[in-house]
Amino acid sequence: MTFNALLKTTSLYFFLLCSLFVSTIIALNATDWFFIWAALEINMISFIPLLFFGRSPQTWNGATEYFFPQAAGSLLILTAAVTLLSEHTHTQASSVMIFIALLVKGGFAPFHYWFVNVFSTLNSWALCLLISTWQKIIPVFFLSSSLIVMDPMLVMFTATLGASWGMLSAANQTDFQMFIAYSSVGNLGWFLMLTPTTKFAALSFFFMYTLMLTTLISLLYSLSPNTTPNFSSATQMNTPHKAAVTLCLLSLAGFPFTTGFLMKIWVIMSAISQTSSMLWLIFIPLVFSTVAYARFIFYLLFNSPSSTSPLTNTGLKILWSPLMLLLSIHCAPAMMALLQLSL
70 MTFNALLKTT SLYFFLLCSL FVSTIIALNA TDWFFIWAAL EINMISFIPL LFFGRSPQTW
130 NGATEYFFPQ AAGSLLILTA AVTLLSEHTH TQASSVMIFI ALLVKGGFAP FHYWFVNVFS
190 TLNSWALCLL ISTWQKIIPV FFLSSSLIVM DPMLVMFTAT LGASWGMLSA ANQTDFQMFI
250 AYSSVGNLGW FLMLTPTTKF AALSFFFMYT LMLTTLISLL YSLSPNTTPN FSSATQMNTP
310 HKAAVTLCLL SLAGFPFTTG FLMKIWVIMS AISQTSSMLW LIFIPLVFST VAYARFIFYL
370 LFNSPSSTSP LTNTGLKILW SPLMLLLSIH CAPAMMALLQ LSL
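Convert by adding 69 to the 1-based position in the sequence shown; the result is the number in our numbering.
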């Protein structure tokens, strides 16, 4: 590739990222669903070309599977916006349409299959992180806002279904990429459980999840920039690498003395204050989550590393161990303070 071609590619990549950023900011500051719809369209058009930067053989399949669900979600939002404009009031039908549209666009269960399929076609950890975090900001924000009013029981049932479905599917995966995809679906279910309570609680949960997922994906990228580790290659990590990944997984699983544990406690306590009759449903995804993460962690810890694996290179990778320790354990007091303020 010549210098001019590289410069054009870099400029296009930067322009698309700026478009993603600007469209997200426009959507978050909009109060009319027409403007939100327009921002979502710009966001979608900006993200699809980024899929081709990964140079995956399955890029076209991924782009197609991303486009159609997003277009369907946009159509639902546009229909709801027209309904609101004609009726001059926020009806239950329009709220349901917007709720379903945001679930589709965010990759929430039971509309998560497009997200998992697109995630499986990505061969760039940067794109994996982008589609798991930044591309979910707009749906997450408006699902937790007061612009849509839904029955808390229906939201709780949908959230429990998503959390259970995601973690049960994650327990059957054999590589990190698909495990992260399904665990993302599961954690979105946990986020959805907080939406009937307060916007602050829901967005704080998503922020902390994004922080932990960013650390895990960054660690996996530093270990294997060009390949996606599966179970076999993951067991060939040396001890510091395994320790760092294990801390990430423990925090995401919600084991005690981690940030993830306080996040799950936050969800349970909020659910008690809102819909105590459905509290027993929360323990179903909690069990599935524990099983899925425990299986992954057990396989990592109780298999011997190989000194000949390219995943055992040291350097910057080792620095992620204390960083994850900081994020998963030392953030716990801050999360406890937020928990006390919100309840």
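Just so it is clear, CB atoms sit at the ideal spot from N, CA and C, and this is done for glycine as well.
Of the residues the options, the one placed nearest residue i, counting alpha carbons only
{"i": "residue 278", "options": "214, 288, 268 and 252", "result": "252"}
{"i": "residue 115", "options": "140, 147 and 89", "result": "89"}
{"i": "residue 220", "options": "113, 140, 81 and 265", "result": "265"}
{"i": "residue 262", "options": "122, 185, 108 and 338", "result": "338"}
{"i": "residue 292", "options": "282, 311 and 122", "result": "311"}
{"i": "residue 287", "options": "117, 199 and 137", "result": "199"}
{"i": "residue 241", "options": "362, 257, 109 and 330", "result": "362"}
{"i": "residue 283", "options": "353, 270, 79 and 320", "result": "320"}
{"i": "residue 227", "options": "280, 313, 177 and 104", "result": "177"}
{"i": "residue 269", "options": "237, 250 and 332", "result": "332"}
{"i": "residue 132", "options": "168, 196 and 79", "result": "196"}
{"i": "residue 309", "options": "341, 370, 218 and 184", "result": "370"}
{"i": "residue 313", "options": "86, 281 and 101", "result": "281"}
{"i": "residue 169", "options": "155, 218, 186 and 194", "result": "218"}
{"i": "residue 342", "options": "78, 186 and 222", "result": "222"}
{"i": "residue 254", "options": "155, 184 and 328", "result": "184"}
{"i": "residue 368", "options": "137, 243, 78 and 235", "result": "243"}
Three-way DSSP call (helix, strand, coil) for residue i in this model
{"i": "residue 222", "result": "helix"}
{"i": "residue 388", "result": "With a pLDDT of only 45 at residue 388, under 50, the local geometry of the prediction cannot be trusted, and the value read off the model is given with reservation. In this structure, residue 388 counts as helix in the three-state DSSP scheme."}
{"i": "residue 179", "result": "coil"}
{"i": "residue 328", "result": "helix"}
{"i": "residue 213", "result": "coil"}
{"i": "residue 127", "result": "coil"}
{"i": "residue 284", "result": "helix"}
7 Å CB neighbourhood of residue i in its chain, flanking five on each side removed
{"i": "residue 359", "result": "322"}
{"i": "residue 163", "result": "149, 152 and 153"}
{"i": "residue 182", "result": "none"}
{"i": "residue 106", "result": "143, 146, 147 and 150"}
{"i": "residue 47", "result": "The requested residue 47 is not part of the displayed model; the chain covers only 70 to 412."}
{"i": "residue 224", "result": "261, 264 and 265"}
{"i": "residue 214", "result": "268"}
{"i": "residue 271", "result": "213, 260, 263 and 264"}
{"i": "residue 315", "result": "366, 369 and 370"}
{"i": "residue 330", "result": "323 and 324"}
Residues near residue i in its chain [Cβ-Cβ closer than 8 Å; skip 5 each side]
{"i": "residue 336", "result": "259, 262, 263, 274 and 351"}
{"i": "residue 82", "result": "119 and 122"}
{"i": "residue 108", "result": "92, 93, 95, 96, 99 and 207"}
{"i": "residue 230", "result": "178, 179 and 258"}
{"i": "residue 167", "result": "102, 145, 146, 149, 211, 216 and 217"}
Beta-carbon proximity list for residue i, same chain, < 6 Å, skipping 5 on both sides
{"i": "residue 233", "result": "353, 354 and 357"}
{"i": "residue 290", "result": "194"}
{"i": "residue 237", "result": "357"}
{"i": "residue 186", "result": "134"}
CB contact check: residue i to chain C, cutoff 7 Å
{"i": "residue 164", "result": "Absent here is chain C; the protein component of the structure consists of one chain."}
Three Cβ pairs or more, each shorter than 8 Å: is that satisfied between the segment 83–97 and the segment 206–224? yes
Quick test of the definition: if touching needs 3 or more C-beta pairs under 8 Å, does the segment 119–138 touch the segment 185–194? yes
Contact between the segment 162–179 and the segment 133–149: three or more CB pairs below 8 Å? yes
For the segment 194–209 and the segment 324–337, state whether three or more C-beta atom pairs, one from each stretch, are separated by less than 8 Å. no
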